Amino acid sequence: MRKEQIKSVVLVLLILNCVQLTGQIWFNKKLWPGGYNFFAFNFSSTAMNAVKPQRLVINGGNAREVYYPRQKQYNDIYKNVTNIIANFIDSDDLRGTAAVKDDWKTFLKDKSILLSYGHSMDSGSFTSSFNKAVTGFPYVGVLSDVLITGDGVTNETIVCIFNSITETAVTYRLEGGGESFLKYIESATFGKNHNKSFAFELFWDLNRENTSIERSVLVDSFVLLPMDNESVNLITAENPLENDFTIFDGIVSALGYTPSTLRKSVSENDNVASYVENSATIKISPSGMIEYSAVDPQRGIPLQTGKADSLNVVNKVFEITEGIYRQIGIDDIPNIYISSDLIAQKGERFILKMNYSHNGKPIFVYSKDNLAPVDAIHAEVEGGYLKSFKMFIRTFNEIDDVATTVPVITAFDELAKQIGKTRKVLIEDVFKCYIIKDSLAEIAWGVKTDDVNDNIIIINFDD
Amino acid sequence: MKISKALIISILIIAFIGITASAMPDSLLPGEEGNTAELIVITKPPKDRSATFDRSYVISGYGKEGTLVAIYKLAGGVFVKTDYEWQIGASTYFAIPIELDGRKNILRCRAEDGNGNFQHARLEITYLGNSISDMVKNITVDPSNIPY
Chain F
746 MRKEQIKSVV LVLLILNCVQ LTGQIWFNKK LWPGGYNFFA FNFSSTAMNA VKPQRLVING
806 GNAREVYYPR QKQYNDIYKN VTNIIANFID SDDLRGTAAV KDDWKTFLKD KSILLSYGHS
866 MDSGSFTSSF NKAVTGFPYV GVLSDVLITG DGVTNETIVC IFNSITETAV TYRLEGGGES
926 FLKYIESATF GKNHNKSFAF ELFWDLNREN TSIERSVLVD SFVLLPMDNE SVNLITAENP
986 LENDFTIFDG IVSALGYTPS TLRKSVSEND NVASYVENSA TIKISPSGMI EYSAVDPQRG
1046 IPLQTGKADS LNVVNKVFEI TEGIYRQIGI DDIPNIYISS DLIAQKGERF ILKMNYSHNG
1106 KPIFVYSKDN LAPVDAIHAE VEGGYLKSFK MFIRTFNEID DVATTVPVIT AFDELAKQIG
1166 KTRKVLIEDV FKCYIIKDSL AEIAWGVKTD DVNDNIIIIN FDD
Chain L
2 MKISKALIIS ILIIAFIGIT ASAMPDSLLP GEEGNTAELI VITKPPKDRS ATFDRSYVIS
62 GYGKEGTLVA IYKLAGGVFV KTDYEWQIGA STYFAIPIEL DGRKNILRCR AEDGNGNFQH
122 ARLEITYLGN SISDMVKNIT VDPSNIPY
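Chains F and L are the protein sequences, given in the same order.
Here the first sequence is numbered in the working numbering, starting from 746 and rising by one per residue.
Here the second sequence is numbered in the working numbering, starting from 2 and rising by one per residue.
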């Protein structure tokens, strides 16, 4: 009898709960708090750094500073802009205004903070990087940069989204906060210098008529040119796999396989360990190269357990990467940034490339048998499965030795010599980087042009 | 023997003429014009007269490879050569960072190739900043301490 009473009480409670939830739906009250994302990722700190902008450019009108992930100023500024962007993503009643290229130039010159991601991504990846759902987000499309500024007259906060592929921008105005944001920028750039110029500020992007001077190297309007010579600490690279075969089984485990169930063999020539099963092969080289390859995409490592977006893939690939480092006994994982676009293509092949960086400078690591640098991580995903995964594992240490970079124009001169006078290239980006051919790094300039598809031309003066 | 001596002397004279031809003069007269306008294009400042709030300024543009670009400042009625120089390389770009002195900076940019061609451009850059803004330069502020 007592059991029946409990059953009745539970039933009544369930009915009441049902009525209450139905009422919420009828009266349009959301069942979960604003911005709640069912598929929120639990990013590790390494993954979180990778999905953040590769640089923050704070423009104070007469001063400009650039900050990179892991820098204190970067973290402080990012914390502030995160709140604004979170509000922006949640504001589902906003209307964007198309901005032309000249508007974007004006924003970059005025008091503003630019979040430069260094790659293009879809709006879903952008909202996910702030742990927000894309539902209701007013911007649909691809973006590469986000700029925040304020309107001192209307006190509105202005968010401008830029697509570097189409060179188009959309501007949104949020109520309030504009004046205080401008004051924040003034304070953060107080006493700073203006020694970095966008190419359009030097008017290098404009063609003058009536001149016989031919330029073989052209510079895109939005390339940020450092005008100062920087002294940087050099780094050394270590290969944690060298001569340590005992950890190879651990790496196989990090990829989700049980080593004892795979057929293992070691080649006599180069000591490459191969783990083979019916659906996949794992090769681990003492040189630091780890290669996973599935015979068929459907038999690869499943990645898409939640929402199918590219940031989900990034998160899962990072889980594997961090697992490998942990198996080797390395907790302090090098900084890794995303070097390929994050644009979801339903059911199609998706390539994810990631590379190492140190203090905001990309590290290009050469393997012994490669003339060109190899990606730190190269993952191929198809239909939600990891079809192949390559990782060139390294750790890095900063040393006391210091090197000074040559001026950026000297690097352009060298590039012009390399390409010759018969063709023209457009520089889309230029940055300082480390190159590692042995164990000690050299400082160099990396130049991305429109001429080579996603490849970086390294300008190194030590060769 | 005499012929070889004469030859050596001739070579030395030619070399000396070559060196002196490519060396920039220490000063220029205000009315002195160049003999060409084809060596460089100054893109910044975009006009002959410009203004800035920053004491550090970059004079930049592009020009023919091998051209030497130098900045002269007006002092005592003549333009005196400064240390701000740039040899244009294969990319054709040049960028000369300079420090502005007073409020009005009357400058002359001289470009010269090794073939006796030289180009002059008059630049007037007005510094709109003030001594307070100069004083605060290089003072570091921790953004985390800024109330926002």
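Note that CB positions come from ideal geometry on N, CA and C, so glycine has one too.
Source: prediction; values computed, not measured.
Distance between residue j and residue i (C-alpha atoms, nearest Å)
| i | j | result |
| --- | --- | --- |
| Ser-1032 of chain F | Gly-1045 of chain F | 25 Å |
| His-939 of chain F | Ala-933 of chain F | 13 Å |
| Asp-1054 of chain F | Gly-886 of chain F | 14 Å |
| Ile-980 of chain F | Ala-122 of chain L | 45 Å |
| Phe-95 of chain L | Thr-916 of chain F | 35 Å |
| Gly-936 of chain F | Tyr-929 of chain F | 14 Å |
| Gly-1068 of chain F | Pro-1118 of chain F | 24 Å |
| Asp-896 of chain F | Arg-56 of chain L | 27 Å |
| His-1123 of chain F | Thr-872 of chain F | 24 Å |
| Asp-821 of chain F | Gly-1105 of chain F | 16 Å |
| His-864 of chain F | Gly-805 of chain F | 25 Å |
| Ser-92 of chain L | Ser-1010 of chain F | 53 Å |
| Val-968 of chain F | Phe-1063 of chain F | 30 Å |
| Val-1110 of chain F | Asp-1086 of chain F | 21 Å |
| Asp-1146 of chain F | Glu-987 of chain F | 25 Å |
| Ser-1084 of chain F | Ile-1075 of chain F | 23 Å |
| Ser-61 of chain L | Val-997 of chain F | 55 Å |
| Gly-779 of chain F | Gly-768 of chain F | Note that Gly-779 of chain F has pLDDT 43, beneath the 50 cutoff, so the model's placement of it is unreliable and the number below is only indicative. When rounded, the distance between both Cα atoms is 18 Å. |
| Val-826 of chain F | Leu-853 of chain F | 16 Å |
| Leu-1048 of chain F | Glu-749 of chain F | 46 Å |
| Gly-130 of chain L | Phe-54 of chain L | 5 Å |
| Thr-851 of chain F | Phe-945 of chain F | 10 Å |
| Pro-1042 of chain F | Met-1099 of chain F | 21 Å |
| Ile-1035 of chain F | Asp-855 of chain F | 47 Å |
Best match in the options for proximity to residue i [C-alpha to C-alpha]
| i | options | result |
| --- | --- | --- |
| Gly-995 of chain F | F:Gln-750, F:Ala-795, F:Ile-1073 and F:Asn-1016 | F:Ile-1073 |
| Glu-698 of chain F | F:Glu-924, F:Phe-882, F:Val-879 and F:Pro-883 | A question about residue 698 of chain F goes unanswered here, because the residues of chain F that appear run from 746 up to 1208. |
| Ser-1012 of chain F | F:Val-802, F:Asp-855 and F:Lys-1028 | F:Lys-1028 |
| Gly-921 of chain F | F:Thr-913, F:Glu-1093 and F:Thr-899 | F:Thr-899 |
| Tyr-1037 of chain F | F:Gly-841, F:Asp-847 and F:Lys-1135 | F:Lys-1135 |
| Ser-889 of chain F | F:Leu-758, F:Ala-878 and F:Leu-859 | F:Leu-859 |
| Ser-870 of chain F | F:Leu-1160, F:Asn-1057 and F:Arg-809 | F:Asn-1057 |
| Lys-1162 of chain F | F:Arg-960, F:Val-1040, F:Phe-1095 and F:Thr-991 | F:Arg-960 |
| Leu-75 of chain L | L:Leu-30, L:Ala-52 and L:Met-25 | L:Leu-30 |
Distance CB(residue i)-CB(residue j) smaller than 9 Å
| i | j | result |
| --- | --- | --- |
| Phe-926 of chain F | Ile-829 of chain F | yes |
| Lys-45 of chain L | Leu-1171 of chain F | no |
| Leu-1160 of chain F | Ile-1204 of chain F | yes |
| Ala-1148 of chain F | Val-962 of chain F | no |
| Leu-970 of chain F | Val-1151 of chain F | no |
Range of the contiguous beta strand (DSSP E) that encloses residue i
| i | result |
| --- | --- |
| Ser-120 of chain L | In the sequence as presented, Ser is not what sits at residue 120 of chain L; that position holds Gln. Here the beta strand (DSSP E) through Gln-120 of chain L covers 119 to 128. |
| Gln-88 of chain L | 79 to 88 |
| Ile-822 of chain F | It is not in any beta strand (DSSP E) - Ile-822 of chain F instead sits in the alpha helix (DSSP H) that spans 817 to 835. |
| Gly-895 of chain F | 887 to 895 |
| Phe-967 of chain F | Looking at the DSSP string, Phe-967 of chain F is not in any beta strand (DSSP E), and its letter there is neither H nor E. |
| Ala-1124 of chain F | 1122 to 1127 |
| Gly-1191 of chain F | 1186 to 1194 |
| Ile-43 of chain L | 41 to 45 |
| Gly-62 of chain L | 57 to 64 |
| His-1103 of chain F | 1094 to 1103 |
| Phe-95 of chain L | 94 to 100 |
| Pro-1107 of chain F | 1106 to 1111 |
Residue i - containing alpha helix (DSSP H), residue span
| i | result |
| --- | --- |
| Thr-851 of chain F | 846 to 854 |
| Thr-916 of chain F | Thr-916 of chain F -> not in any alpha helix (DSSP H); beta strand (DSSP E) instead, spanning 913 to 922. |
| Tyr-1020 of chain F | That residue, Tyr-1020 of chain F, is in no alpha helix (DSSP H); its beta strand (DSSP E) goes 1018 to 1021. |
| Ser-873 of chain F | 868 to 874 |
| Ile-1073 of chain F | 1055 to 1073 |
| Glu-1159 of chain F | 1153 to 1164 |
| Ile-903 of chain F | Note, Ile-903 of chain F: premise wrong, no alpha helix (DSSP H); beta strand (DSSP E) at 901 to 908. |
| Val-997 of chain F | 993 to 999 |
Buried versus exposed, by CB contacts within 10 Å (16 or more), residue i
| i | result |
| --- | --- |
| Asn-1016 of chain F | exposed |
| Lys-817 of chain F | exposed |
| Ser-1024 of chain F | exposed |
| Ile-751 of chain F | exposed |
| Gly-117 of chain L | exposed |
| Asn-794 of chain F | buried |
| Ala-1186 of chain F | buried |
| Ser-1005 of chain F | exposed |
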